[in-house]
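Enquirer: Numbering (our numbering), first residue to last: 513 to 920.
Ideal Cβ positions, reconstructed from N, Cα and C, are used throughout, including at glycine.
Treat the numbers as computed from the prediction; the structure is a model and nothing was measured.
Just dropping this structure here.
Next comes the structure, spelled out in structure tokens:
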């Protein structure tokens, strides 16, 4: 029975996520949910605002008694009414309010897409940083294995005097230094895993093998966060126009039907009025407000100018970021070629120095240096290759395209 339990539980513990799966998890986190709820809240608010401009229908009823009857106040009375009202013209406030909400909703939608893309870029960066540190860890472990093997081999020659104590101490020192590096790398790996778990909300085990496709567009910038600023600018412009609407009159229609049931004790107060319908056209126009409308309009306009300056600044910055990302990508490709050449050189040098060291032609200082350079070169190449994946993702992010579509 115990064996069967182990067999069934093994897939759970062995489960790991590739980059595509990590992105799926990260795009469902609570941080993104908050932006989704903000968008839905704004959409419902807009629906409520629109409904408020439709014709309003109200009904009501009342019942009253009095201890002192008069001609206008019967001893007992009841009233019911139905009322229809509609604002025919409000100086353009209605249209500008709708325009403001439409722009705000589009801004919220763009912000949501921007946040998703930013989270995706963070996850991709963590993913390849993890693989880069993992390559460094593997190279460092192999270096330690080689050092341990040499220590054991040379220890056999210590008693016969062909190897001195200081030569062994040098290897021990190098092993200790490599172990410290290994612990620091392990800390970096754990930090990345914790960051990914924080983003995804789940425990993660990273699986290598995912790649970022080559970006299709490397020059056109259409980032969602810049679009959000543009929609904010349009919403601010509509807010200015809303304040301007107070310069114009408001025209409304009103139709009220009332039914009366009055019970007078005294016949001299009784009347025959039992129903009434009143239709009215109303006009309200504030022609002087000590500069209130002017100052409110000017305030909104200054806010518009502020947003416009920020939009132009961020748009220019985004274009510069894209240019720099393209340059960094080209440099990244050169780094890979350089790292390959460096690894070939370090490998060749190591083989030569190893042979000389084993034949007693050189001391272990040169050998240890060559060994370290070989494994450092291996990890440098891997790091450069993974860094290039991040640089490709950065270009895609700065062009504004969906990063998730480029993961394979």
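1) Any idea if residue 697 is buried or exposed, counting beta-carbon neighbours within 10 angstroms, 16 or more meaning buried?
2) Applying the criterion that 16 or more other CB atoms from any shown protein chain within 10 Å of the CB defines a buried residue, is residue 670 buried or exposed?
3) Identify, in the order they occur along the chain, each residue of the same chain with its Cβ nearer than 7 angstroms to the Cβ of residue 667, setting aside the five sequence neighbours on each side.
4) With a threshold of 16 other CB atoms inside 10 Å of the CB of residue 870, please say whether the residue is buried or exposed.
5) Taking only three categories from DSSP, how would you classify residue 728?
6) Hey, residue 609 and residue 763: beta-carbon distance below 7 angstroms or not?
7) Let's see if you can read the secondary structure: which residues bound the beta strand (DSSP E) around residue 601?
8) Classify residue 919: buried if its beta carbon has 16 or more other beta carbons within 10 angstroms, exposed otherwise.
9) Excluding five sequence neighbours on each side, which residues of the same chain lie with their C-beta closer than 6 angstroms to the C-beta of residue 789?
10) Please determine, among 737, 658, 730 and 648, the residue with the shortest C-alpha to C-alpha distance to residue 700.
11) Taking 8 angstroms as the limit between beta carbons, can you name the residues of its chain near residue 721, skipping five residues before and five after?
12) Tell me the DSSP secondary structure of residue 789 in three-state form.
13) Work out the CA separation of residue 710 and residue 794 for me, nearest whole Å.
14) Helix, strand or coil: how does DSSP classify residue 734 here?
15) Ignore the nearest five residues each way along the sequence and tell me which others in residue 520's own chain have a CB closer than 7 angstroms to its CB.
16) Counting only the same chain and skipping the five closest in sequence on each side, list residues whose C-beta sits under 7 angstroms from that of residue 738.
17) Quick check: what's the CA-CA separation for residue 623 versus residue 717?
18) How would you write the range of the alpha helix (DSSP H) that residue 892 sits in, first residue to last?
19) Count the C-beta pairs between the stretch 888–903 and the stretch 841–852 that are closer than 8 angstroms, then say yes if the count reaches three, no if not.
20) What does DSSP give as the partner residue(s) for residue 529 in the beta ladder?
21) Would you say the stretch 563–575 touches the stretch 742–759, given that touching needs at least three Cβ pairs under 8 angstroms?
22) Would you please state the rounded distance, in angstroms, between the beta carbons of residue 589 and residue 774? I believe it to be under 8 angstroms.
23) Start and end of the beta strand (DSSP E) containing residue 568?
24) Compute the Euclidean distance between the alpha carbons of residue 820 and residue 752, then round it to the nearest angstrom.
25) Considering only C-alpha positions, which residue in the set 864, 796 and 724 is nearest to residue 501?
Expert: This is what the structure holds:
1) Indexing the chain shown from 1 puts residue 697 at position 185. Residue 697 is buried by the Cβ-count criterion.
2) Here residue 670 is taken as the residue at index 158 of the chain shown, counted from 1. Residue 670 is exposed by the Cβ-count criterion.
3) The sequence position of residue 667 within the chain shown is 155, counting from 1. Once the five neighbours on either side are set aside, the close Cβ partners of residue 667 are 680.
4) Translated into the one-based positions of the chain shown, residue 870 becomes position 358. Per the 10 Å Cβ criterion, exposed.
5) Locating residue 728 in the chain shown gives position 216, counting from the first residue. The answer is coil: DSSP assigns residue 728 none of H, G, I, E or B.
6) Start at 1 with the first residue of the chain shown, and residue 609 comes out as number 97. Start at 1 with the first residue of the chain shown, and residue 763 comes out as number 251. No. Outside cutoff.
7) Locating residue 601 in the chain shown gives position 89, counting from the first residue. 588–601 is the extent of the beta strand (DSSP E) around residue 601.
8) Position 407 of the chain shown, counted from the first residue, corresponds to residue 919. Flag for residue 919 reads buried.
9) Taking the first residue of the chain shown as position 1, residue 789 is located at position 277. Within the same chain, residue 789 has close Cβ partners 769.
10) Taking the chain shown and counting its residues from 1, the one referred to as residue 700 is at position 188. Ranking the options by Cα distance to residue 700, first place goes to 648.
11) To locate residue 721, count along the chain shown from 1; it is residue 209. Excluding sequence neighbours, residue 721 sits near 530.
12) On the chain shown, position 277 is the one that residue 789 refers to. Residue 789: strand per DSSP, three-state reduction.
13) The residue labelled residue 794 in the question sits at position 282 within the chain shown. The residue labelled residue 710 in the question sits at position 198 within the chain shown. The alpha-carbon atoms of residue 794 and residue 710 are separated by roughly 59 angstroms.
14) One-based indexing of the chain shown puts residue 734 at position 222. Three-state DSSP puts residue 734 in coil, outside helix and strand.
15) Counting from 1 along the chain shown, the entry for residue 520 is found at position 8. Residue placement at residue 520 is poorly supported in this model, since its pLDDT is 36, which falls under 50; the coordinates still yield a value, given next. Cβ neighbours of residue 520 beyond the five flanking positions: none.
16) As a position in the chain shown, residue 738 is number 226, starting the count at 1. Here the set comprises 826, 827 and 830.
17) Counted from its first residue, the chain shown places residue 623 at position 111. Counted from its first residue, the chain shown places residue 717 at position 205. When rounded, the distance between both Cα atoms is 30 angstroms.
18) To locate residue 892, count along the chain shown from 1; it is residue 380. Its alpha helix (DSSP H) spans residues 876–911.
19) yes
20) For this step, residue 529 is matched to residue 17 along the chain shown. Its beta-bridge partners are 718.
21) no
22) Within the chain shown, numbered from 1, the residue matching residue 589 stands at position 77. Within the chain shown, numbered from 1, the residue matching residue 774 stands at position 262. Yes, they are in contact, since the Cβ atoms of residue 589 and residue 774 sit about 5 angstroms apart, within 8 angstroms.
23) Counting from 1 along the chain shown, the entry for residue 568 is found at position 56. Where residue 568 is concerned, the enclosing beta strand (DSSP E) stretches over 568–577.
24) Along the chain shown, read from residue 1 onward, the residue named residue 820 stands at position 308. Along the chain shown, read from residue 1 onward, the residue named residue 752 stands at position 240. Rounded to whole angstroms, residue 820 to residue 752 spans 13 angstroms at the Cα level.
25) Because the chain is modelled from 513 through 920, residue 501 falls outside the range shown and cannot be assessed.
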